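See structure below.
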Amino acid sequence: GAAVVEAELPAGATCSVASFGTDPAPGIRKVCQCAEGGASSQLVRSELGVEWSLCAREGGACACPSQRVRFGVGSRWVVSGHATQGSLPCLAGSFRGADPAAGESKECWCERGRSRAEAARVAIVMLSRRPPDLGTWLRYHLGYAQVQHVFIQVEDTPEFNQTWSGLPLADRQRVTLWRGSTACSGAAEPRPRDDYESLQARQIAAMRRAKAEAAGLGAEWLVHLDDD
Numbered sequence: 052g053a054a055v056v057e058a059e060l061p062a063g064a065t066c067s068v069a070s071f072g073t074d075p076a077p078g079i080r081k082v083c084q085c086a087e088g089g090a091s092s093q094l095v096r097s098e099l100g101v102e103w104s105l106c107a108r109e110g111g112a113c114a115c116p117s118q119r120v121r122f123g124v125g126s127r128w129v130v131s132g133h134a135t136q137g138s139l140p141c142l143a144g145s146f147r148g149a150d151p152a153a154g155e156s157k158e159c160w161c162e163r164g165r166s167r168a169e170a171a172r173v174a175i176v177m178l179s180r181r182p183p184d185l186g187t188w189l190r191y192h193l194g195y196a197q198v199q200h201v202f203i204q205v206e207d208t209p210e211f212n213q214t215w216s217g218l219p220l221a222d223r224q225r226v227t228l229w230r231g232s233t234a235c236s237g238a239a240e241p242r243p244r245d246d247y248e249s250l251q252a253r254q255i256a257a258m259r260r261a262k263a264e265a266a267g268l269g270a271e272w273l274v275h276l277d278d279d
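Residue numbering for the sequence shown follows this note's numbering, starting at 52 and increasing by one per position.
Spelled out as structure tokens, the structure:
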């Protein structure tokens with residue numbers, strides 16, 4: 052049900068209307084829940100991963116640093132993000148007139164600031180052959196997608212040096228180049244005879260090589276992508 056009553060009861064109290072003095076939902080089977088931590092737990096609640104702290108009873112003033120307040124009682128609530136600084140009147144009028152539990156005494160609870168999880172450090176590994184637009188590809192993944200580093204094994208791309216020299220220095224500094232089985236030395240290697248038959252084996256080899264080097268860069272995840 053949506054209606055609840057709360058009370059501080061001694062250990063061993065029965066889960067009955069007599070213990071609470073009122074019946075919040077006549078004719079409906081009810082359950083009792085124990086709030087851990089005693090009286091202090093009545094001031095802070097964690098629901099669905101969000102922490103709320105009691106900031107005002109109905110008619111009072113709620114000071115909420117996060118500016119996100121819920122108004123109601125039990126499991127009936129309306130939430131409003133108020134843009135004004137200072138206190139918010141704990142009244143239905145502050146929530147566009149919405150009354151989630153008509154006829155019952157309500158409360159205002161302030162959402163506590165959510166801690167922001169640190170983004171995972173991700174690196175990309177790829178085999179590249181005549182990339183159509185490496186500059187745009189790098190701008191998207193290094194900039195928009197916030198990838199930390201890119202490992203590229205270049206194959207059968209005679210014009211790659213020209214493409215590489217035209218890229219911004221900031222992007223090039225976040226890329227590790229390989230050609231064939233050795234780190235990039237400026238000399239292009241011939242395309243393997245069984246290019247497609249050995250593709251998966253070369254991809255796995257590149258992943259292993261990147262894994263060994265990624266630890267020194269602080270990368271936590273390696274993702275294999277194509278360059279098109």
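All C-beta atoms in this analysis are idealised placements derived from N, C-alpha and C, irrespective of residue type, glycine included.
Given the structure is predicted, the values throughout are model-derived calculations rather than measurements.
Once DSSP output is grouped into helix, strand and coil, what is the label at Gln204? In the three-state reduction of the DSSP assignment, Gln204 falls in the strand class.
Going by the beta-carbon positions, is the gap between Ser131 and Ser117 smaller than 8 Å? Their beta carbons are not under 8 Å apart, which means Ser131 does not touch Ser117 by this criterion.
For Asp222, the nearest candidate out of Asn212, Thr208, Thr187 and Ala256 (CA to CA): Per the Cα distances, Thr187.
Is the beta carbon of Phe202 closer than 8 Å to that of Val173? No, they are not a contact pair.
From the DSSP output, which residues share a beta bridge with Glu59? None; Glu59 has no bridge partner.
Evaluate Ser179 with the Cβ neighbour count: other Cβ atoms within 10 Å of its Cβ, from every protein chain shown; 16 or more gives buried, anything less gives exposed. Around the beta-carbon of Ser179, 16 or more other beta-carbon atoms lie within 10 Å, marking it buried.
Helix, strand or coil: how does DSSP classify Ser70 here? Look at Ser70 here: in three-state DSSP terms it is helix.
Residues in its own chain within less than 7 Å of Ala171 by CB, not counting five upstream and five downstream? So the list reads Glu271 and Trp272, once near-sequence residues are dropped.
Identify every residue that forms a DSSP beta bridge with Arg147. Bridge partners of Arg147: none, in fact.
Cutting at 6 Å between CB atoms, please list the residues of its own chain near Leu189, excluding the five before and the five after it. Result list for Leu189: Asp222, in chain order.
Burial state of Pro151, where buried means 16 or more other Cβ atoms lie within 10 Å: Residue burial is scored here from C-beta neighbours: Pro151 has at least 16 other C-beta atoms within 10 angstroms and is therefore classed as buried.
Please identify the residue among Arg108, Glu57 and Gly110 whose C-alpha is closest to the C-alpha of Cys85. Taking Cys85 as reference, the option from Arg108, Glu57 and Gly110 with the minimal CA-CA separation is Glu57.
Same chain, Cβ closer than 8 Å to Leu193, five either side skipped, listed in chain order: Within the same chain, Val201, Asp222 and Arg225 come within 8 Å of Leu193 by CB-CB distance, once the 5 residues on both sides are set aside.
Straight-line CA distance for Gly148 to Val120? The alpha-carbon atoms of Gly148 and Val120 are separated by roughly 14 Å.
According to DSSP, is Thr187 part of a helix, a strand, or is it coil? In the three-state reduction of the DSSP assignment, Thr187 falls in the helix class, which pools H, G and I.
Let me check understanding here. Comparing Cα to Cα, which of Gly110, Val274, Glu59 and Phe71 lies closest to Ala196? Scanning Gly110, Val274, Glu59 and Phe71 for the CA closest to the CA of Ala196 turns up Val274.
Does Ala76 come out as helix, strand or coil in the three-state DSSP assignment? It is coil, neither helix nor strand.
Endpoints, the alpha helix (DSSP H) within which Glu98 is located: Counting along the chain, no alpha helix (DSSP H) covers Glu98; the unbroken beta strand (DSSP E) around it starts and ends at Val95 to Glu98.
May I have the straight-line CA-CA distance separating Ala54 from Asp277, to the nearest angstrom? Each residue's Cα considered, the two are about 55 Å apart.
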